[in-house]
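Next up, the structure:
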């Protein structure tokens, strides 16, 4: 499918104006936009501006409350639970990680759980915040049920990503991955492009592999059977039970610890998303000299990059390198936007009376 390339600065201005049109402040609109476009810069199209139509729908029908007032409902020197009260996910996530960072800087560790939130973008955005404060950052979120448990054919868990960031030289370490074989966003991208799903991504209501992206998405929305497979695939042969277990750990540390619903009780068509997140910041100086720990980790990452490569593989990456390289490419060439997403941006702009000039074909 043909793609347009839109200058990053132009797309930033456009998205900021869209969010301001809903009533978000300039500062809030800038933050939401930065989280979205960081995903595009990292090469994670599924969580970039292609999500704008979903956000538009959720804001206009009141699932996301523009003027939501989040509140801390439980707190200790090391931890806190925040009720987002239907706030935009990116806004409450930024607030929660900042609170975790303050606690870690004061006490060595900060553990913050959030409930009654919405989709917050890429988890790695928030872990990087902690890393930039010379801390280890961890973040997870539950989502509407989309993953079938091992040996099951009914979606009971979300894509439930796990992200961790740690300062390192010359490139900070940043791991961010769903616990399903693929994210819902990538299914949506392929559906927009009219492409089949690769074998081993999803199953139908009978437990058979299906290439039909539309069927999978409809089953999620309608709470029918079928769904995306856990990381590792079907059964236990290739480790599908491990992906299932990781998703369950994420559910424990988000929905359960925040006092919110679990994935199988969430819905993207309900009046409230009730999504839960967790944000951890850890001062690794708790284990000794920070300079020594950082140097040791950086050295190990370099040893991984320098280790023997498989045939026809030009290099070995460590997590965070590809994102940095892709960001430089996007800054130089622009953000790639598929035609379906571009049409959605135009539709939203017309509805919100926002000028399209900044995102015309370059």
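Residue numbers (my numbering): 15 to 376. Just so you know, even glycine gets a beta-carbon here, dropped at the ideal spot from N, CA and C. Predicted model, so just to flag it, every value in this text is computed and none were measured.
Between the C-alpha atoms of residue 71 and residue 276 there is a straight-line separation of about 23 Å. The residues 156, 171, 172, 174, 276 and 277, in chain order, have a CB closer than 8 Å to that of residue 265 in the same chain once the five nearest residues on each side in sequence are set aside. Straight-line spacing of the CA atoms in residue 228 and residue 212 works out to 14 Å. About 6 Å separates the Cβ atoms of residue 347 and residue 19, confirming a contact at the 8 Å cut-off.
A straight-line Cα-Cα distance of about 46 Å links residue 369 and residue 319.
Two segments are said to touch when three or more pairs of C-beta atoms, one from each, lie closer than 8 Å; by this definition the region 59-73 does not touch the region 89-100.
Around the beta-carbon of residue 343, fewer than 16 other beta-carbon atoms lie within 10 Å, marking it exposed. Per DSSP, the continuous alpha helix (DSSP H) segment holding residue 22 begins and ends at 22-36. With respect to the C-alpha of residue 200, the residue from 178, 177, 127 and 226 having the closest C-alpha is 226. Listed in chain order, the non-local C-beta contacts of residue 73 below 6 Å within the same chain comprise 36, local neighbours out to five positions each way being set aside. Closest in C-alpha terms to residue 241, from the list 255, 222 and 251, comes 222.
Within the DSSP secondary-structure output, residue 97 pairs in a beta bridge with 85 and 129. If you compare the alpha carbons of 79, 150 and 23 with that of residue 38, the shortest gap goes to 79. In the three-state reduction of the DSSP assignment, residue 329 falls in the coil class, being assigned neither a helical nor a strand state. Residue range 349-352 is occupied by the beta strand (DSSP E) that includes residue 352. A direct Cα-to-Cα measurement between residue 144 and residue 314 gives close to 21 Å.
For residue 191, the enclosing beta strand (DSSP E) covers residues 187-191. Assignment of residue 323 by DSSP, reduced to helix, strand and coil, places it in the coil class.
In the structure shown, residue 235 falls within a helical segment according to DSSP collapsed to helix, strand and coil. Residue pairing by DSSP places residue 291 opposite 128 and 155 in a beta bridge.
The alpha carbon of residue 294 has as its nearest neighbour, out of 168, 114 and 183, the alpha carbon of 114. When DSSP states are grouped into helix, strand and coil, residue 336 belongs to the helix group.
Boundaries of the alpha helix (DSSP H) around residue 143: 137-145. Under the criterion of beta carbons closer than 8 Å, residue 351 and residue 17 qualify as touching, at roughly 6 Å. Per DSSP, the unbroken alpha helix (DSSP H) holding residue 263 starts and ends at 254-265. Excluding residues up to 5 positions away in sequence, 145 and 334 lie with their Cβ nearer than 6 Å to the Cβ of residue 186 in the same chain. Contact between residue 56 and residue 337 holds, since their C-beta atoms are separated by about 4 Å, short of 8 Å.
The beta carbon of residue 154 lies closer than 8 Å to those of 137, 174, 175, 176, 177, 264, 267, 268, 291 and 292 in the same chain, with the five residues before and after it left out.
In the DSSP annotation of this structure, the continuous segment of the beta strand (DSSP E) that includes residue 180 starts and ends at 176-180. Within the same chain, and ignoring the five residues on either side of residue 82 in sequence, the residues whose Cβ sits closer than 7 Å to its Cβ are 98, 99, 100 and 101. Minimum Cα-Cα distance from residue 179 among the listed residues 167, 161 and 151 corresponds to 151.
One Cα belongs to residue 259, the other to residue 169, and the distance between them is close to 14 Å.
Counting along the chain, residue 205 sits inside the alpha helix (DSSP H) bounded by residues 198-207. A direct Cα-to-Cα measurement between residue 285 and residue 253 gives close to 36 Å. Shown here, residue 221 sits in coil according to DSSP, grouped into three states, outside any helix or strand. The residues 103, in chain order, have a CB closer than 6 Å to that of residue 133 in the same chain once the five nearest residues on each side in sequence are set aside.
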